[in-house]
Structures are given as C-alpha cells and as structure tokens.
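The sequence shown maps to residues 5 to 403 in this note's numbering.
Every residue gets a Cβ at the ideal spot worked out from N, C-alpha and C, and that includes glycine.
Remarks on the structure that follows.
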Amino acid sequence: MKSKLTLENATKRKEFLPYGRQWIDEDDIKTVIDVLKGDYLTTGPYVQKFEQAIAQYTGAKYAVAFSNGTAALHGACFAAGIEAGDEVITTPLTFAASSNCVLYQGGTPVFADVDPNTYNIDPVEVASLITPKTKAIIPVDFTGQPADYEKLNELAKKHNLVIIEDAAHALGATYKGMKTGSFSDMTMFSFHPVKHITSGEGGVITTNSEEYYRKLEMFRSHGITRNPALLGNNEGPWHYEMQFLGYNYRMTDIQAALGESQLKKLDHFIDVRKKYALMYTNSFKELDEIITPFQHGDGESSWHLYTIRLNKNVFRTNRKMVFEALIDENIGVNVHYIPVYQHPYYKELGYPDGLCPVAEEIYESIITLPLFPAMSENDVNDVIAAVKKVIIELREKTV
Ligand SMILES: *Cc1c(COP(=O)(O)O)cnc(C)c1O
Numbered sequence: 005m006k007s008k009l010t011l012e013n014a015t016k017r018k019e020f021l022p023y024g025r026q027w028i029d030e031d032d033i034k035t036v037i038d039v040l041k042g043d044y045l046t047t048g049p050y051v052q053k054f055e056q057a058i059a060q061y062t063g064a065k066y067a068v069a070f071s072n073g074t075a076a077l078h079g080a081c082f083a084a085g086i087e088a089g090d091e092v093i094t095t096p097l098t099f100a101a102s103s104n105c106v107l108y109q110g111g112t113p114v115f116a117d118v119d120p121n122t123y124n125i126d127p128v129e130v131a132s133l134i135t136p137k138t139k140a141i142i143p144v145d146f147t148g149q150p151a152d153y154e155k156l157n158e159l160a161k162k163h164n165l166v167i168i169e170d171a172a173h174a175l176g177a178t179y180k181g182m183k184t185g186s187f188s189d190m191t192m193f194s195f196h197p198v199k200h201i202t203s204g205e206g207g208v209i210t211t212n213s214e215e216y217y218r219k220l221e222m223f224r225s226h227g228i229t230r231n232p233a234l235l236g237n238n239e240g241p242w243h244y245e246m247q248f249l250g251y252n253y254r255m256t257d258i259q260a261a262l263g264e265s266q267l268k269k270l271d272h273f274i275d276v277r278k279k280y281a282l283m284y285t286n287s288f289k290e291l292d293e294i295i296t297p298f299q300h301g302d303g304e305s306s307w308h309l310y311t312i313r314l315n316k317n318v319f320r321t322n323r324k325m326v327f328e329a330l331i332d333e334n335i336g337v338n339v340h341y342i343p344v345y346q347h348p349y350y351k352e353l354g355y356p357d358g359l360c361p362v363a364e365e366i367y368e369s370i371i372t373l374p375l376f377p378a379m380s381e382n383d384v385n386d387v388i389a390a391v392k393k394v395i396i397e398l399r400e401k402t403v
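This is the structure in structure tokens:
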C-alpha cells in the first residue's frame with residue numbers, strides 16, 4: 005500500500021488556506037442592505053423571522069436569538085436555574101464558553117473525560133461524577149457528531165438534570181433520526197463566521213419548553229417583559245416590568261437578516277462539507293499514521309471540523325512537527341481543543357493536570373484540517389497532498 009504513494013505532485017500551495025471561513029453571497033448582502041435602509045436596526049421583524057426559521061429547521065417549538073453563542077449558553081444556564089453551589093458536568097474538549105457559562109452563574113463546572121473514539125463526553129464518566137449538587141449536563145457535539153444522548157438522557161432522567169446541548173458544531177446534524185435542536189431541554193447554536201452559517205456574531209437557544217422560552221426571552225433583555233399576561237401590575241399600555249436581573253444580549257436585525265439568508269443555504273453547505281470529509285477519509289485510509297474521525301452511526305455529523313489524530317503506535321513524530329510542517333505548506337491547520345481546565349484561569353481555580361487523561365492524550369495528537377464549503381475540490385486535494393507529503397517525509401526521518 006505505502007509504496008503507491010509518491011511525492012511527485014506534492015508541490016507547495018501558493019496561498020495560505022484557512023481552516024474555516026464564511027460563505028457570503030449576493031443574496032446575503034442584499035438582505036443586509038435592505039435592513040440598513042429600513043426602520044429597524046435591532047429587535048425588528050428579522051429577529052423573529054430568523055427565530056421561526058431556526059425552530060422550523062430544527063423541529064424545535066421555540067428559538068430565542070442572542071448576540072452570540074456564549075450569551076445564549078449563559079441564558080440557558082440562567083433558565084436552568086444554575087446558581088452558586090450547583091455543579092454542571094461538561095467536557096474538557098471544547099471551547100471555553102461551554103464551561104464559562106456555568107461560572108457566569110456562580111456554578112461549578114465539573115469536567116468528565118471523553119470517549120476515546122468519538123471524543124464526545126463519556127456517559128460512564130458523567131455517571132461517576134453526579135452528586136446531589138449536580139443540576140445539569142452540557143454535552144458538546146464535537147466536530148458536528150452528536151454525543152450519546154440515549155445514555156445521557158437516561159442519567160438526566162434518573163437524577164433530574166437539565167441537558168443543555170452545546171451544538172455550536174452541529175447545526176443540521178441528526179441523532180437517531182432527529183435533528184439537533186429538537187431533543188434536548190435546551191440546545192445552543194452559534195453563528196460565528198467559522199460555524200455552519202453566520203450572522204457575524206450570533207447564537208440561539210432552541211427548546212420545547214414554554215417556561216425556558218419565557219425566561220430566555222426576558223434574560224436577553226434585562227429581565228424585562230411587556231407581555232400583559234406576565235405583568236404583576238399593569239398601569240397602562242406603556243407599562244413594562246423588570247422582573248429579574250438580565251443582560252443586553254439582544255441580536256440585531258442586521259445579524260438576524262444575514263442569518264436568515266444564510267439558513268437557506270445550510271443544507272447545501274452541509275452537503276459540501278460531507279463530500280470533502282469523505283474525500284479526506286478515503287485518501288487517508290492508506291496512511292497507517294493517521295486515524296480518521298470515527299463515526300458512531302447513531303446519526304449523521306454535520307462536519308463542522310475534520311480532525312485527524314496521529315497514531316502514536318506507528319508514528320513517533322510529535323504533533324508540533326507535523327503541525328508546523330503543514331503550516332509551512334500553507335495549510336491552515338488548527339488544534340481543537342486545549343482541554344479547558346488546562347487554561348491558566350481554570351488552573352488557578354484548582355483544576356489539576358491529569359484530570360481527564362483521555363482528553364489530554366487526544367489533545368496531544370490531534371490536528372484540525374481546513375474544512376468549509378467555500379473551499380474548492382482543488383483546495384481539498386492540496387490539503388491531502390500536503391498531509392501525505394509531510395507524513396511520508398517525517399516518517400522517513402524518525403523511524
Ligand atoms: C463557537 C463555540 C461556542 C461559542 O459561540 P460564540 O458564538 O463564538 O460565542 C461555544 N461552544 C463551542 C463548542 C463553540 O465551538
């Protein structure tokens with residue numbers, strides 16, 4: 005097998021290829037310009053239109069838009085009633101926002117180790133960490149592949165826990181035939197430019213619970229309501245009440261219009277991502293040094309990220325050398341993620357090294373390759389050629 009590989013056509017790419025990038029077309033631009041010419045720059049008709057479109061797409065009853073995904077997670081922790089003394093179990097292999105939202109509410113993040121194949125939170129580890137103080141679980145659908153919700157829901161039911169799904173990577177993914185956003189107590193999606201669709205900055209919580217919906221809507225705007233049915237006192241048509249301490253986490257109409265326009269293209273974006281992911285997986289089969297992303301088969305990933313893992317059994321070169329060699333080939337690789345508790349802020353809070361050994365070992369050996377719908381098949385082939393070239397060169401140097 006290995007003898008088939010040659011370095012002949014592995015010439016260096018001329019321009020740097022980023023790991024992710026938005027796709028904005030003329031329709032998106034026109035929609036945003038229309039908003040700029042209209043009456044509402046914020047909290048106008050597009051916010052509601054976008055929320056309804058997200059609810060319809062995911063199959064959730066309600067959707068509440070926020071200024072960004074992190075604010076949306078904060079809202080979800082508030083709605084779930086997280087407060088000082090409460091513990092919330094999440095994964096260390098994620099962006100810091102997944103656990104920062106717990107800290108914002110005064111709660112304590114508890115990190116459960118991940119499954120060595122899917123890199124998603126391991127329900128067995130979660131079970132071992134549940135205490136009387138545990139209030140919620142925040143699983144992350146890593147790279148777009150949904151976590152093990154069958155087992156997580158079982159635990160949640162048994163211990164009366166809220167599931168806040170961090171699906172920042174997983175808009176459009178499915179789990180056992182259901183779309184992400186339709187089955188957890190609350191699900192967060194992010195519209196940062198590297199995610200599936202963008203609104204510049206933006207986020208949303210989907211839920212089927214009217215109670216969460218009401219809390220989320222008020223939380224993003226100072227805890228204020230104008231809904232006559234919710235007012236304690238109604239002195240007249242001008243009356244509104246601030247009923248709890250919320251924030252200004254509102255999404256603008258400019259953001260919502262862009263998001264709504266982008267959503268129309270989401271299925272196409274995901275199709276292209278799937279096609280490119282398959283090209284990678286098929287090409288890397290012949291390299292024993294690379295472990296391609298494991299797919300559990302209980303659903304379909306929406307392929308936010310394509311993460312390869314270096315197989316340390318056959319390849320002793322460290323990740324840093326491979327990473328630097330790929331950057332040198334103009335391939336914008338990345339690493340997702342440094343285990344959250346290994347950041348200085350978390351270390352100071354008292355989280356020790358070695359807390360989640362599986363996540364730490366995965367972190368040491370993973371590399372994220374470029375994957376976004378605006379890249380071309382030629383770009384994908386450039387990445388494949390560069391990876392093969394780098395692996396073969398380093399293989400010969402070290403073994
Ligand atoms: C992007 C992301 C977030 C936060 O979203 P923002 O919109 O950037 O605030 C949270 N969790 C994960 C896993 C993410 O990738």
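- Rounded to the nearest whole angstrom, the C-alpha separation of THR15 and ALA83 is 53 Å.
- For GLU91, the enclosing beta strand (DSSP E) begins and ends at 91-94.
- In this model, GLY181 and LEU249 are separated by some 38 Å (Cα to Cα).
- Distances between the C-beta of ASP170 and the heavy atoms of ligand 1 include at least one below 7 Å.
- When rounded, the separation of the alpha-carbon atoms in PHE319 and VAL339 is 19 Å.
- The bridge partners DSSP lists for VAL118 are ILE125.
- Distances from the CA of LYS65 to each of SER194, PHE376, LYS53, GLU214 were compared; the closest alpha carbon is that of GLU214.
- Taking non-hydrogen atoms of ligand 1 into account, the C-beta of GLY73 is found less than 7 Å away from one of them.
- Relative to ligand 1, the beta carbon of HIS173 is positioned inside 7 Å of a heavy atom.
- Assignment of GLU304 by DSSP, reduced to helix, strand and coil, places it in the strand class.
- Counting along the chain, no alpha helix (DSSP H) covers ILE209; the unbroken beta strand (DSSP E) around it starts and ends at 207-211.
- The Cβ atoms of SER194 and VAL144 lie no closer than 8 Å to each other.
- C-alpha of ASN252 to C-alpha of SER71: approximately 9 Å in a straight line.
- Distance from the CA atom of PRO232 to the CA atom of GLU129, rounded to whole angstroms, is 46 Å.
- The straight-line gap separating the alpha-carbon atoms of ILE312 and SER305 is approximately 15 Å.
- Taken in chain order, the unbroken stretches of beta strand (DSSP E) that lie wholly in the segment 123-166 and span 3 residues or more are 138-142.
- Counting the other Cβ atoms within 10 Å of the Cβ of ILE335 gives 16 or more, which makes it buried.
- Under DSSP, SER225 forms a beta bridge with ASN252.
- PRO136 and ASN322 have their alpha carbons spaced roughly 42 Å apart.
- The beta-bridge partner set that DSSP reports for PRO113 consists of VAL92.
- Take the alpha-carbon of LEU77 and the one of THR210: they are about 11 Å apart.
- Shown here, ALA76 sits in a helix according to DSSP, grouped into three states.
- In this structure, the alpha-carbon of SER132 lies about 15 Å from that of PRO361.
- The beta-carbon distance between MET255 and VAL51, rounded to whole angstroms, is 6 Å. This is short enough to meet the 8 Å contact definition.
- In this structure, ligand 1 has a non-hydrogen atom nearer than 7 Å to the beta-carbon of ALA101.
- Note that the C-beta distance between ILE86 and GLN109 is below 8 Å.
- The beta carbon of VAL144 sits closer than 7 Å to at least one heavy atom of ligand 1.
- Rounded to whole angstroms, the gap between the alpha carbons of GLY185 and HIS300 is 19 Å.
- The Cβ atoms of GLY79 and ARG230 lie no closer than 8 Å to each other.
- Between the alpha carbons of VAL384 and MET283 lies a gap of roughly 8 Å.
- Taking the Cβ of HIS196 as the reference point, at least one heavy atom of ligand 1 falls within a distance shorter than 7 Å.
- Taking 8 Å as the cut-off, the Cβ atoms of LEU21 and VAL344 do not count as close.
- Beta bridge pairing from DSSP links ILE295 with ARG313.
- Assignment of TYR179 by DSSP, reduced to helix, strand and coil, places it in the strand class.
- Apart from the 5 residues on each side of it in sequence, THR98 sits with its Cβ closer than 8 Å to the Cβ of VAL144, PHE146, ASP170, TYR341, VAL344 in its chain, given in chain order.
- In this structure, the CA atom of LEU373 is about 36 Å from the CA atom of LEU165.
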